[in-house]
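Step one of this worksheet: look at the structure below.
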Amino acid sequence: AETERKANDEEVELTSTGKNTTNVMFGTMLQLQHVKSGHYVTVLETAAPFDRECRAVVLSPEGNSAAIFKFMPKYKSQSEGSVIYYSNSVVIESAKQRGMMLH
18 AETERKANDE EVELTSTGKN TTNVMFGTML QLQHVKSGHY VTVLETAAPF DRECRAVVLS
78 PEGNSAAIFK FMPKYKSQSE GSVIYYSNSV VIESAKQRGM MLH
């Protein structure tokens, strides 16, 4: 876990300074990390407090399988494997709980 955290920290540093030239593509699995706290966006298995049909989403200090999301195209004009551009619409799906989307 410590090795993964160090690798994530290095990746965030490269990205935040503009030195990371890796393109993110549709179908890529990523963890979303809050910049100021360093915590990860995580989907819980419990219901959200205001909408019982949705899952609760929290910031967790540790990345785990509930903190991995798959970036998918919203429209059929894009496909898995193509580069995501700033203007593209994406659907963010939980990798652990298939069919659960962030919105």
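Just so we're aligned: the sequence shown equals residues 18 to 120 in the working numbering.
From the three backbone atoms N, C-alpha and C, an ideal C-beta is built for every residue, glycine too.
Worksheet item: According to DSSP, what are the bridge partners of PHE43?
Response: Counted from its first residue, the sequence shown places residue 43 at position 26. Answer is none; PHE43 lacks a bridge partner.
Item to complete: Could you pull out every residue in the same chain whose Cβ sits closer than 6 Å to the Cβ of PRO90, ignoring the five residues on either side in sequence?
Response: One-based indexing of the sequence shown puts residue 90 at position 73. Within the same chain, PRO90 has close Cβ partners PHE43.
Item to complete: Have a look at PRO78 and VAL52 and give me their C-alpha separation to the nearest angstrom.
Response: By one-based count along the sequence shown, residue 78 stands at place 61. By one-based count along the sequence shown, residue 52 stands at place 35. Straight-line Cα distance between these residues: approximately 12 Å.
Worksheet item: For VAL75, which residues from the same chain have a beta carbon less than 7 Å from its beta carbon, with the 5 sequence-adjacent residues on both sides left out?
Response: Taking the first residue of the sequence shown as 1, we reach residue 75 at position 58. Around VAL75: THR59, LEU61.
Worksheet item: If you draw a straight line from the alpha carbon of GLN114 to that of ARG72, how long is it in whole angstroms?
Response: For the purposes of this step, residue 114 is taken as the residue at position 97 of the sequence shown. For the purposes of this step, residue 72 is taken as the residue at position 55 of the sequence shown. Using only the alpha carbons, I get a separation of about 10 Å.
Worksheet item: Excluding the five sequence neighbours on either side, which residues of its own chain have a C-beta within less than 8 Å of the C-beta of VAL107, listed in chain order?
Response: To locate residue 107, count along the sequence shown from 1; it is residue 90. Around VAL107: PHE43, PHE88, MET89, PRO90, LYS91, ILE101.
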